[in-house]
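Sequence lines, in order, name chains A and B. Numbered per the working numbering, the first sequence spans residues 1457 to 1571. Numbered per the working numbering, the second sequence spans residues 1457 to 1571. Backbone N, C-alpha and C define an ideal beta-carbon position, used for all residues, glycine too. This structure is a prediction, so every number in the text was calculated from the model and none was measured. See below for the structure under consideration.
Number of protein chains: 2
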Amino acid sequence: MYRTNVSEVREIKTPHGKRVRWLIPREVGAKNFEMRYFTITNESQPSEESHPWEHQVFVLSGKGIIQSGDTEITVGPGDAIYIAPDEPHLVKNEPNQVFTFLCMIPAGYEDRVKG
Amino acid sequence: MYRTNVSEVREIKTPHGKRVRWLIPREVGAKNFEMRYFTITNESQPSEESHPWEHQVFVLSGKGIIQSGDTEITVGPGDAIYIAPDEPHLVKNEPNQVFTFLCMIPAGYEDRVKG
């Protein structure tokens, strides 16, 4: 059994200004999927992504916007979002909101810095 | 893209008195892993489990206790816990605490009622 806390995990800043903490990475034995904690603020420069693996997101605090093609949804605490493989997506905070969420991915598909 | 909220998902009571909401089940396309939301109160009758799939837990509110063999840890908000395949585990609330957490599992390994 492995335990950590958000406050104990090093925060990494991605090239687009997102902040990410890898709470449960492969290194602790997680072979199927990995858990990350994101913080998005005004310093983030959102960019659209598309890749052959899915995201599962759970919003913890603040409000954010997820765009996918012509669809745009506003999300907030308690929302769970599934973004399918190869679905284009852009994630940003609502202006002046500190937007935090968990994002799970299949293990081994993203590197630590990219997030 | 699929979105739901904890408040919109039907709560199921398991035979041991846990309450579970399947936020992101296979039915919405999640082929690799699934996301559930648990609420454990005094009405839960904790029981030790062991099975060949892992758990990833993120604590949202309240305090709980996770036992694994001779190890017992108290967990609270912001804690992330990895329970390995075949590791015995028992999860309960601290007395009089409403303990809520997310628990992710590989897809297809648990049925809706068992949780």
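Residue-level contact to chain A via CB, residue i, 8 Å cutoff
i                             : result
tyrosine 1565 of chain B      : no
serine 1500 of chain B        : no
phenylalanine 1514 of chain B : yes
threonine 1460 of chain B     : yes
leucine 1558 of chain B       : yes
glutamate 1505 of chain B     : no
isoleucine 1521 of chain B    : no
serine 1463 of chain B        : yes
Exposure label - residue i; buried when at least 16 CB within 10 Å
i                          : result
aspartate 1535 of chain A  : buried
threonine 1495 of chain A  : buried
threonine 1527 of chain B  : exposed
glutamine 1512 of chain B  : buried
arginine 1482 of chain B   : exposed
isoleucine 1529 of chain B : exposed
glutamate 1510 of chain A  : buried
serine 1506 of chain A     : exposed
arginine 1466 of chain A   : exposed
serine 1500 of chain B     : buried
Spatial distance of residue i from residue j (CA atoms)
i                             : j                          : result
glutamate 1550 of chain A     : cysteine 1559 of chain A   : 18 Å
glycine 1518 of chain A       : valine 1554 of chain A     : 5 Å
glycine 1485 of chain B       : proline 1502 of chain A    : 26 Å
leucine 1546 of chain A       : isoleucine 1521 of chain B : 37 Å
phenylalanine 1514 of chain A : glutamate 1490 of chain A  : 14 Å
alanine 1563 of chain A       : asparagine 1488 of chain A : 5 Å
proline 1544 of chain A       : serine 1524 of chain A     : 5 Å
glycine 1508 of chain A       : aspartate 1567 of chain A  : For clarity, residue 1508 of chain A is proline in the given sequence; the question names glycine instead. Cα to Cα, the separation comes out at about 15 Å.
arginine 1492 of chain B      : tyrosine 1538 of chain A   : 13 Å
methionine 1457 of chain A    : leucine 1516 of chain B    : 19 Å
glutamate 1504 of chain A     : proline 1471 of chain A    : 13 Å
proline 1541 of chain A       : aspartate 1542 of chain B  : 29 Å
Bridge partners - residue i, DSSP secondary structure assignment
i                         : result
lysine 1548 of chain B    : B/Ile1521
valine 1531 of chain B    : B/Gly1520
valine 1476 of chain B    : B/Ile1468 and B/Phe1494
glutamine 1501 of chain A : Glutamine 1501 of chain A is not bridged to any residue.
tyrosine 1458 of chain A  : B/Tyr1538
proline 1562 of chain A   : A/Phe1489
histidine 1507 of chain A : Histidine 1507 of chain A pairs with nothing; no bridge assigned.
glutamine 1512 of chain B : B/Tyr1538 and B/Met1560
Chain B contact for residue i (CB, 8 Å cutoff)
i                          : result
glutamate 1467 of chain A  : no
proline 1562 of chain A    : yes
glutamate 1550 of chain A  : no
isoleucine 1496 of chain A : no
serine 1524 of chain A     : yes
Inset, instruction - Check distances from the C-beta atoms of the region 1471-1491 of chain B to those of chain A and list, in chain order, the residues that come in under 7 Å. - result: Leu1479, Ile1480, Val1484, Gly1485, Ala1486, Asn1488, Phe1489 and Met1491
Legend entry - Contact residues within the region 1528-1539 of chain A, judged by C-beta distance below 7 Å to chain B: Ile1529, Val1531, Gly1534, Asp1535, Ala1536, Ile1537, Tyr1538 and Ile1539
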